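Q:
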Amino acid sequence: MNQQVERVETAPEKTTTALPLRHELRRQLGRARTKWLFALILILPPVFVGAFAIGRSTSTDAGATSFIDLATLSAPNFAFFTLIVSADLLLGIVAAMFLGDSVPTEANWKSLRYLLTAPVPRGRLLTSKLVVGAGLTLAAIVLLALWALAVGAVAYGIEPYRGLTGATLTWPELWPRLAGTVVFLFIGVLQIGALAFFLGARTDAPLAAVGGAILIVIVAAILDSLSSLGALRNGLPMHYARAWMDLFAHEISWTNLARGVAWSLLYTVIFAGLGVRRFVRADVVS
Numbered sequence: 012m013n014q015q016v017e018r019v020e021t022a023p024e025k026t027t028t029a030l031p032l033r034h035e036l037r038r039q040l041g042r043a044r045t046k047w048l049f050a051l052i053l054i055l056p057p058v059f060v061g062a063f064a065i066g067r068s069t070s071t072d073a074g075a076t077s078f079i080d081l082a083t084l085s086a087p088n089f090a091f092f093t094l095i096v097s098a099d100l101l102l103g104i105v106a107a108m109f110l111g112d113s114v115p116t117e118a119n120w121k122s123l124r125y126l127l128t129a130p131v132p133r134g135r136l137l138t139s140k141l142v143v144g145a146g147l148t149l150a151a152i153v154l155l156a157l158w159a160l161a162v163g164a165v166a167y168g169i170e171p172y173r174g175l176t177g178a179t180l181t182w183p184e185l186w187p188r189l190a191g192t193v194v195f196l197f198i199g200v201l202q203i204g205a206l207a208f209f210l211g212a213r214t215d216a217p218l219a220a221v222g223g224a225i226l227i228v229i230v231a232a233i234l235d236s237l238s239s240l241g242a243l244r245n246g247l248p249m250h251y252a253r254a255w256m257d258l259f260a261h262e263i264s265w266t267n268l269a270r271g272v273a274w275s276l277l278y279t280v281i282f283a284g285l286g287v288r289r290f291v292r293a294d295v296v297s
């Protein structure tokens, strides 16, 4: 009898270890949206190469030098171009999807209430989803940078990077700067993911969470283009989104990089904190 009571008392303690990170990672990797996002990242650089080839074959001004011409000089130049055209929107969508839609998707599938009554502590559930979402976002950024380098190496060779001003970076100089770029881009898009997470904690519609975050970022970008706002623009989300380009200059200027990291971390902490506060206090009925 005593043994039976002991088993009953210890059962809830064992169930709190449910939903480990590997389980959440397996679930997220198996979702169609994860496969499509990574497939899009793999397709994008070859599409650029094809577009450049078509553009060259139809160009009538062979002597012109443009930003796209520089992109075809070498693998590092091609990777630089790929990150420029992808960082603002594509990586923002990736962060919003991985960090913002997991909670409302569970609610939409009617499985969130089951997870919480298993019981899985709400804090542990959120931690698993946020850690896995952030990890997948970082993996997507690393994949995009390295895959663009690989595709560029095959298409345009492995010459050193050459910037618009003619400054060059050798491969030993390039690697730490590329690593810094990946870290900055990751920290930069975390604010979008945190915003989507906050919206996702308030709705059962994944599209509303992801779309709402992207819409807010677009509105912020429009406001950022208004010079009449002056210094107020510095505090807008993603204002320093392209500060990573300073890492590819001959002499690195750290001012905008530091400001971009600080603002992004501030927004990330605020929105993630509000999302956690909302979710912990909410009455989950789905």
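Numbering (the numbering used here), first residue to last: 12 to 297. Note that beta-carbon positions come from the ideal geometry of N, C-alpha and C, so glycine has one too. On a predicted model such as this, the values are computed, not experimentally measured, just so you know.
For F78, count neighbouring Cβ atoms within 10 angstroms of its own Cβ and tell me buried if that reaches 16, exposed if not.
A: exposed
Q: Would the beta-carbon of G199 fall within 8 Å of that of G271?
A: Yes, the pair counts as a contact, with Cβ atoms nearer than the cut-off.
Q: Would you check if the region 100–115 and the region 157–170 touch, i.e. whether three or more CB-CB distances between them fall below 8 Å?
A: Contact between the region 157–170 and the region 100–115 is absent, because fewer than three Cβ pairs lie under 8 Å.
Q: For L303, does the three-state DSSP call read helix, strand or coil?
A: Lying before the first or after the last residue shown, residue 303 is absent from the chain, which here runs from 12 to 297.
Q: If you pair each beta-carbon of the region 256–274 with each one of the region 172–187, do three or more pairs fall below 8 Å?
A: Because the criterion of three Cβ pairs below 8 Å is met, the region 256–274 and the region 172–187 touch.
Q: Going straight from the alpha carbon of V60 to that of L94, what length do you get?
A: 14 Å
Q: So the candidates are F290, F92, V193, L136; which of them puts its Cα closest to the Cα of D215?
A: F290
Q: Among residues of its own chain, excluding the 5 on either side of V228, which ones have a beta-carbon nearer than 7 Å to its beta-carbon?
A: G103, I203, P248, M249
Q: With a threshold of 8 Å on Cβ separation, who are the neighbours of P183 within its own chain once the five nearest residues in sequence on each side are excluded?
A: none
Q: Which term fits P187, buried or exposed, when burial requires 16 or more other beta carbons within 10 angstroms of its beta carbon?
A: exposed
Q: Exposed or buried, what is T192 when buried is set at 16 or more other beta-carbons lying within 10 Å of its beta-carbon?
A: Flag for T192 reads buried.
Q: Skipping 5 residues on each side, what residues in its chain have a beta carbon closer than 6 Å to that of L277?
A: none
Q: Secondary structure at V153, three-state DSSP: helix, strand or coil?
A: helix
Q: Helix, strand or coil for R44? Go by DSSP, reduced to three states.
A: helix
Q: Whole angstroms is fine: what's the gap from V230's alpha carbon to S239's?
A: 16 Å
Q: Identify whether R173 lies in helix, strand or coil by the three-state DSSP scheme.
A: Under the three-state reduction of DSSP output, R173 falls in the strand class.
Q: In angstroms, rounded to a whole number, what distance separates the CA positions of N245 and L110?
A: 25 Å
Q: Considering only residues of the same chain and omitting the five flanking positions on each side of W265, which have a CB-CB separation below 8 Å?
A: D257
Q: Using the rule of at least 16 other Cβ atoms within 10 Å of the residue's Cβ for burial, across every protein chain shown, is F282 buried or exposed?
A: buried
Q: By a C-beta neighbour count over all protein chains shown, 10 Å radius and 16 as the cutoff for buried, is G286 buried or exposed?
A: With 16 or more other Cβ atoms within 10 Å, it is buried.
Q: Since I believe L147 is in contact with T45 (beta carbons under 8 Å), could you give me their beta-carbon distance rounded to a whole number of angstroms?
A: Indeed, because the Cβ distance is near 7 Å, the residues count as touching under 8 Å.
Q: Do you know how far the Cα of L137 is from the Cα of Q39?
A: 14 Å
Q: I want to see whether chain B comes within less than 8 Å of W182, judged by CB atoms only; does it?
A: As a matter of chain content, chain B is missing from the structure shown, which is built from one protein chain.
Q: Which same chain residues, not among the five before or five after L185, have their C-beta less than 6 Å away from its C-beta?
A: Scanning its chain for C-beta atoms nearer than 6 Å, with the 5 sequence neighbours on each side dropped, one finds around L185 the residues P87, Y172, in chain order.
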